[in-house]
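A quick write-up on the structure given underneath.
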Amino acid sequence: MGGMRDDRTIAKPAILFLCLGNICRSPLAEGAARAAFAKAGIDAIIDSAGTGDWHIGDAPDARAQAEARRRGIDISALRGRQLRRRDFYDFDLILAADATNLRDARELGPSDATAELKLMLDLLPGRRGEGVTDPYYGDDDGFAATWDDVDAVAAALVAEFSPSSG
Ligand code: 4NP
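Numbering-wise, the sequence shown is residues 363 to 528 according to the working numbering.
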């Protein structure tokens with residue numbers, strides 16, 4: 363498969379958010395992006411995955427679900443899955459939460475991957491190279507900060523993929 367891609371426009375962007383467990387950062391990013399794209403009326407494929415296998419089939423962490431709910435978004439139906447080879451062809455863009463996730467993804471990714479791989483915060487001015495802090499081992503405040511980061515990333519993505527933007 364693979365097929366030809368039109369480099370000028372992506373009719374229906376496919377974006378994968380990646381973290382370690384796929385129960386905190388990447389499901390929050392998925393929830394924020396799904397909401398932002400829907401609000402903008404842009405058709406997109408949005409998904410998330412983890413590099414690790416501990417939480418396959420699990421719902422997002424209860425604290426992540428609570429934070430999303432506070433922001434008006436229900437992520438309770440999301441289920442953890444692990445990054446797989448096929449993702450490197452199925453998605454246009456794989457956005458890793460931190461440098462470790464990015465390195466692990468590069469190690470797994472095939473040399474002829476068609477997906478572009480970068481950090482989530484590379485999309486935000488002044489935050490290039492930064493990681494989204496993992497809130498898993500911290501207190502509830504961490505989840506609010508994580509939401510603020512991934513919501514800004516979602517807005518940047520919508521701007522990037524809006525038909526009206528260059
Ligand atoms: P996440 O956070 O990568 O943002 O989903 C984590 C969740 C679980 C674990 C580590 C990080 N864990 O080791 O189980």
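Cβ atoms here follow ideal geometry from the backbone N, Cα and C, with glycine treated the same way.
> Do three or more CB pairs link the stretch 419-437 to the stretch 475-486 at distances below 8 angstroms?
Replying inline: No, the stretch 419-437 does not touch the stretch 475-486.
> If we count the other Cβ atoms within 10 Å of its Cβ and call it buried at 16 or more, is W416 buried or exposed?
Replying inline: Result: exposed.
>> Taking only three categories from DSSP, how would you classify L445?
In response: Coil.
> Terminal residues of the continuous alpha helix (DSSP H) containing E522?
Replying inline: D503 to F523 is the span of the alpha helix (DSSP H), which, as asked, contains E522.
> Around the Cβ of R387, are there at least 16 other Cβ atoms within 10 angstroms (buried) or fewer (exposed)?
Replying inline: That one is buried.
> Hey, out of I456, E429 and R465, whose CA is closest to A376's CA?
Replying inline: Ranking the options by Cα distance to A376, first place goes to I456.
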